[in-house]
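Asker: Could you have a look at this structure, given as structure tokens, before my questions?
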Amino acid sequence: MNPYIANTPRESSELLKAIGVENIDALFVDIKSEHRPKSFDLPEGLSEYEVVSHITSLSLKNNIYVVPFIGGGYYDHYIPAAVSALISRGEFYTAYTPYQPECAQGTLQALFEYQSSMCALTGMDVSNASMYDGGSALYEAMMMAIRMTGRSKIIIDGGVSPIYRKIIKTYTHHLSYEFQETPVVHGQSSREEINRLLDTNTAAIILQNPNFFGAVDDFTDINEMAHQKGVMAIVSVYPISLGLLKTPASMGADIVCGEGQSLGLPLNFGGPYLGFLCTRKKYIRKMPGRIVGETVDSLGRRSFVNTLQAREQHIRREKATSNICTNVSMCAIQAAIFMAMVGKSGLRQMAHLNVAKAEYAKGLLSKIKGVEVKKSAPTFNEFTVHLPKDASVVIENMMDKGFAAGFALGRYYKGLERYLLVAVTEKRTKDEIDRFAKAMDEVLWS
Amino acid sequence: MELIFEKSIEGRTGFCFGSSDVPDKAQISEKYLRQDEAALPETSELDVVRHYTRLSQRNFSIDTHFYPLGSCTMKYNPKFTEMLSNLAGFRNLHPLLAQLSGGERWTQGALQVLYELEGLLCEITGFSAFTMQPLAGAHGELTGIMLMAAYHKAKGNTHKKYVIVPDSAHGTNPASAALAGFEIISIPSNKEGGMDLEALKAAVNDETAGLMMTVPSTYGLFESHVSEIAQIIHQVDGIMYYDGANLNAVLGRLRPGDVGFDVMHINMHKTFATPHGGGGPGAGPVGVNEKLVDFLPVSRVVQKENGMYALNYRYDKSIGYIASFYGNFGVLVRAYAYILMLGKEGLRETASHAVLNANYIMRKLQKHYKICFDHLCMHESVFSASNQLERGVHAIDIAKFLIDQGIHPPTVYFPISVPEAIMIEPTETESKQTMDRFIEKMIEADQLSQTNPQAFKEFPKTMPITRPDEVKAARDIKTSFFQKIASP
Chain F
1 MNPYIANTPR ESSELLKAIG VENIDALFVD IKSEHRPKSF DLPEGLSEYE
51 VVSHITSLSL KNNIYVVPFI GGGYYDHYIP AAVSALISRG EFYTAYTPYQ
101 PECAQGTLQA LFEYQSSMCA LTGMDVSNAS MYDGGSALYE AMMMAIRMTG
151 RSKIIIDGGV SPIYRKIIKT YTHHLSYEFQ ETPVVHGQSS REEINRLLDT
201 NTAAIILQNP NFFGAVDDFT DINEMAHQKG VMAIVSVYPI SLGLLKTPAS
251 MGADIVCGEG QSLGLPLNFG GPYLGFLCTR KKYIRKMPGR IVGETVDSLG
301 RRSFVNTLQA REQHIRREKA TSNICTNVSM CAIQAAIFMA MVGKSGLRQM
351 AHLNVAKAEY AKGLLSKIKG VEVKKSAPTF NEFTVHLPKD ASVVIENMMD
401 KGFAAGFALG RYYKGLERYL LVAVTEKRTK DEIDRFAKAM DEVLWS
Chain E
447 MELIFEKSIE GRTGFCFGSS DVPDKAQISE KYLRQDEAAL PETSELDVVR
497 HYTRLSQRNF SIDTHFYPLG SCTMKYNPKF TEMLSNLAGF RNLHPLLAQL
547 SGGERWTQGA LQVLYELEGL LCEITGFSAF TMQPLAGAHG ELTGIMLMAA
597 YHKAKGNTHK KYVIVPDSAH GTNPASAALA GFEIISIPSN KEGGMDLEAL
647 KAAVNDETAG LMMTVPSTYG LFESHVSEIA QIIHQVDGIM YYDGANLNAV
697 LGRLRPGDVG FDVMHINMHK TFATPHGGGG PGAGPVGVNE KLVDFLPVSR
747 VVQKENGMYA LNYRYDKSIG YIASFYGNFG VLVRAYAYIL MLGKEGLRET
797 ASHAVLNANY IMRKLQKHYK ICFDHLCMHE SVFSASNQLE RGVHAIDIAK
847 FLIDQGIHPP TVYFPISVPE AIMIEPTETE SKQTMDRFIE KMIEADQLSQ
897 TNPQAFKEFP KTMPITRPDE VKAARDIKTS FFQKIASP
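Those protein sequence lines, which keep their order, are chains F and E.
Each residue of the first sequence is one higher than the one before, starting from 1 at the first, in our numbering.
Each residue of the second sequence is one higher than the one before, starting from 447 at the first, in our numbering.
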């Protein structure tokens, strides 16, 4: 029934004899009869091939053949085969959290390399070893700023992912923090409004680059305004864009976080993903999550350990910087391998391809009657299009033509029902983009 | 070992993106661009493959070593579940596809997995509904506590301030409750390792929001007064939270929903055999009874009258979004496959043999190590190295001895209420031969503590490193290749 149990009936008897009980039921005497299950009506077990057949058939009910022009913070990037091969090694994925560093140097060094690459990417001094995903990383960044400043007001730019904003709202619902949201004007953050709201009760300003509408910004001026009031600047960022775009560090960000899915992780219908969180070195002791540090062993050899653990729940319990325990080490290692594979010049090239293909798509779409591509701000690989019809209707019709045409902004923004968010990664070919524009024209006008 | 950055050679590349097939007219104004290139490694594919293959070989793992890490349920992770979670139909599925108008029909298979898994978990635990969204155990705890808060708010229980947590609980319990805005009251255990009922009664009052309990406890014991405890908490309209970290021990033998619990989380990466990944990703689905069902996070997966599966966001009382999407789907698929394969009997046998193996090890070591509670155990047993400490040998020294024997050490120094704790959880997937070898090595360690306690200070000797200097790591902080060592 359970092929993963090694004990044979004979061995089970030997074990029972050694323990000194008659049968297995006798081991469960503490569970009184009134505590027995009222029901346990589960299906009978199946063979491996029956389960494989069933679940494979379910996987085939999902349509992954529509050509994706959908992003919204989660992108269809190519994952080199070597990345998948390396993270399939059981030595990595069947290990536990590295509590015993001598027999976990593989995981620890790989995480140290991940932290180093995240620092290279964002320009920040330190990175933790991962958070669950982009949304939880942003929440943790915000809580870090609240703890550090002792203040209770948060300003969130309207360009921050609406999904993240909903998550933050849930987590803080029962706590007494004040949230103020600033509008996006012509695709970009409103300096005027942010400046008006920043005060000495503000813990943090939360920004995103590129923002949810795809617009690229330089937040240097906003971060300066924030610092003048002692406010922490948090920037959520799309890592692939950092192959080209100005780093949040050089814009003066204090905490940088984001979704790392684009760094070699499959879309996986929403997870597992990778939250990252980086900060300035002076704030490291306030940072949530696991951190790997370098040290030496008793013979002076380079060694890696989980460090600054006095911040964490297993030591500090209710006074910890976060409740996080299991994070997403494997995803962080996957990202580290991806970044090593793509490398310094590869990341730049990849970013460049994303921009080029998105610009090409913009050009074609803007030629379609009634379609307006928003051009008030530069974009990376995602941009907003105004359609002559409800975007969700267009999307549905585009599906029938074999395209996931983008994300309907009306899903999260009232009044933006005719706006479509289109993402174009390096994987989209010229042919796919040409056919996409043609299909869009047909859907709108024939 | 060298870092990948130290193997970097200027101009070397590991991956070719090919040339662009579109006209290259891309222009982003200079002011938005970075001035330097991100200093990622410059390596060939072979450099990367060798580097990370070698790194992997510097790990102990379930695939290579016995890993009796108490409270972590390091059972074998079946390979077919890996294969299934990597099917293209799951791997390449964009989560927002399901939220597009008409997009649900493109994601029916994935939604069916979530829907059916929810049904299976309800039957396994005796709860009415589950959310699959929490991304790990502690995330599930936080979700559960937020449900508790929502319940009290809806009932106008504005005076609820405290969450009670036994001193044997995982650190995540108090940390999660604190994040949700509650104050923590810690309750000591009695001499038998159970909850001190008198202390509990004294602590409970109208301000008690709820109780978090791990069953079996981290002492590896089943709390036989569970119904009485539930009664005490329910009398003040408190919520009973079941920490499912140790669910493996009671599969088919006890359902939390039947014995007075209102909410629980499951660690899929423990009980349902999904891999730990060296510290995640996990998955921590949360189950609730009718009291709390209205407050569950959105979205929820429903089956429509025509048999189609859909995401439903329309629940007035829901606490809202707790994660970006529908949970760690790739992990959930593995757990779904595992449960389907084992079925009713297989799951029951899982608990039976997990407990059988744990008791066998306990009995065999009892003469050599001080047992904390002389009683049959559940999935794990807790010893104290206090006898060995009299000879100058700590629990951590025994742990390092085991590493040299090719055995991952048990959990040490947890539960924190036990001095020099050694917590051993073999799981059902280990053989008698493996356990016998472990027992033999544990006895050898005890003998060595009598004959040559000094020897322990040098263990481990056979690993890539000897004991690292953790004090230096925390003092001369270096957490990135690019960082120069300096005290902040």
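Positions of the beta carbon are idealized from the N, C-alpha and C atoms, including for glycine.
For a quick check, are the C-beta atoms of histidine 700(E) and isoleucine 675(E) less than 9 Å apart?
Answerer: This sequence places leucine at residue 700(E); histidine is not what is there. Against a cut-off of 9 Å, the Cβ pair of isoleucine 675(E) and leucine 700(E) comes out as no contact.
Asker: For glutamine 545(E), which residues in chain F fall below 7 Å Cβ to Cβ?
Answerer: Arg411
Asker: What residues in its chain sit with their C-beta under 6 Å from that of threonine 149(F), if we drop five residues either side in the sequence?
Answerer: Shown here for threonine 149(F): same chain residues with a beta carbon closer than 6 Å to its own, the five before and five after excluded, namely Ala203 in chain order.
Asker: Does the beta carbon of cysteine 818(E) come closer than 9 Å to any beta carbon on chain F?
Answerer: Contact of cysteine 818(E) with chain F is not assigned, every C-beta pair being separated by 9 Å or more.
Asker: Which class does glutamine 473(E) belong to by DSSP, given the choice of helix, strand or coil?
Answerer: coil
Asker: If the cut is a Cβ gap below 8 Å, which residues of chain F does alanine 655(E) touch?
Answerer: Those within 8 Å of alanine 655(E) in chain F number zero; the least Cβ separation is about 11 Å.
Asker: So, with DSSP's three-state summary, where would you put tyrosine 687(E)?
Answerer: strand
Asker: Excluding five sequence neighbours on each side, which residues of the same chain lie with their C-beta closer than 7 Å to the C-beta of glutamate 113(F)?
Answerer: Ala336
Asker: Using a Cβ cut-off of 8 Å, pull out every chain F residue sitting near lysine 878(E), in sequence order please.
Answerer: Ala6, Asn7, Glu11, Glu14, Leu15
Asker: Assuming arginine 386(F) is part of the beta strand (DSSP E), what are its boundary residues?
Answerer: The residue asked about is misnamed: residue 386(F) is histidine in this sequence, not arginine. Its beta strand (DSSP E) spans residues 382-386.
Asker: Under 9 Å, CB to CB, which of the residues in the segment 364-388 of chain F have a partner in chain E?
Answerer: Pro378, Thr379, Phe380
Asker: Using a Cβ-Cβ cut-off of 9 Å, state whether tyrosine 419(F) counts as contacting chain E.
Answerer: no
Asker: Using beta-carbon positions only, say whether histidine 711(E) and glycine 690(E) come within less than 9 Å of one another.
Answerer: yes
Asker: Within the continuous alpha helix (DSSP H) that includes tyrosine 114(F), where are the two ends?
Answerer: 105-122
Asker: Check distances from the C-beta atoms of the segment 221-237 of chain F to those of chain E and list, in chain order, the residues that come in under 7 Å.
Answerer: none
Asker: Could you give the DSSP three-state label for alanine 422(F): helix, strand or coil?
Answerer: The residue you asked about is not alanine; residue 422(F) is valine in the sequence shown. Strand at valine 422(F).
Asker: Show which residues of chain F have a CB atom less than 7 Å away from the CB atom of lysine 924(E).
Answerer: Near lysine 924(E) (Cβ distances below 7 Å), the residues of chain F are Gly293, Glu294.
Asker: Keeping to the same chain, check which residues put their C-beta closer than 6 Å to that of histidine 715(E); ignore five residues upstream and five downstream.
Answerer: His722, Gly728
Asker: For proline 580(E), which residues from the same chain have a beta carbon less than 6 Å from its beta carbon, with the 5 sequence-adjacent residues on both sides left out?
Answerer: Gly586, Thr589, Gly730, Val732
Asker: When the Cα of serine 91(F) is compared with those of Pro80(F), Gln105(F), Ile194(F), Tyr99(F), which residue comes out closest?
Answerer: For the sequence presented, residue 91(F) should be read as glutamate rather than serine. Comparing alpha carbon positions, the residue from Pro80(F), Gln105(F), Ile194(F), Tyr99(F) closest to glutamate 91(F) is Gln105(F).
Asker: What is the rounded straight-line gap between the Cα of tyrosine 139(F) and the Cα of isoleucine 168(F)?
Answerer: CA-to-CA, the gap between tyrosine 139(F) and isoleucine 168(F) works out to about 6 Å.
Asker: Take valine 21(F) and list the residues in its own chain whose beta-carbon comes closer than 7 Å to its own, dropping the five residues that flank it on each side.
Answerer: Leu27
Asker: Assuming the contact rule is C-beta atoms closer than 8 Å, leucine 198(F) and methionine 225(F) should be a hit. Round their C-beta distance to whole Å, please.
Answerer: 6 Å
Asker: Does any residue of chain E bring its CB to less than 9 Å from the CB of alanine 335(F)?
Answerer: no
Asker: Grouping DSSP H, G and I as helix and E and B as strand, with all else coil, what is lysine 282(F)?
Answerer: helix
Asker: Go through the segment 603-632 of chain E residue by residue and report every complete run of the beta strand (DSSP E) that reaches 3 residues or more, in order.
Answerer: You should have 608-612.
Asker: Is the segment 153-168 of chain F touching the segment 364-371 of chain F, taking contact as three or more C-beta pairs under 8 Å?
Answerer: no
Asker: Would you kindly check if the distance between the Cβ of glutamate 871(E) and the Cβ of histidine 825(E) is under 9 Å?
Answerer: yes
Asker: Count the other C-beta atoms from every protein chain shown that fall within 10 angstroms of the C-beta of valine 650(E), then say buried if there are 16 or more, exposed otherwise.
Answerer: buried
Asker: I'd like to know if the segment 247-263 of chain F and the segment 202-221 of chain F are in contact, where contact means that at least 3 CB-CB pairs between them fall below 8 Å.
Answerer: yes
Asker: Should tyrosine 782(E) and leucine 566(E) be called a contact, given that it needs their Cβ atoms to be closer than 9 Å?
Answerer: Closer than 9 Å, so yes.
Asker: What in chain E is Cβ-close to methionine 1(F), meaning under 8 Å?
Answerer: Under the 8 Å cutoff, chain E gives Leu788, Gly789, Glu791, Gly792, Glu795.
Asker: Helix, strand or coil for lysine 374(F)? Go by DSSP, reduced to three states.
Answerer: DSSP, read as helix, strand or coil, puts lysine 374(F) in coil.
Asker: Please check the pair alanine 95(F) and serine 507(E), which I expect to be a contact at CB under 8 Å, by giving their CB distance rounded to whole angstroms.
Answerer: Contact between alanine 95(F) and serine 507(E) holds: their C-beta atoms lie close to 4 Å from each other, under 8 Å.
Asker: Among residues of its own chain, excluding the 5 on either side of asparagine 774(E), which ones have a beta-carbon nearer than 6 Å to its beta-carbon?
Answerer: Leu581, Pro727, Ala729
Asker: The alpha helix (DSSP H) spanning lysine 153(F) covers which residue range?
Answerer: That residue, lysine 153(F), is in no alpha helix (DSSP H); its beta strand (DSSP E) goes 153-157.
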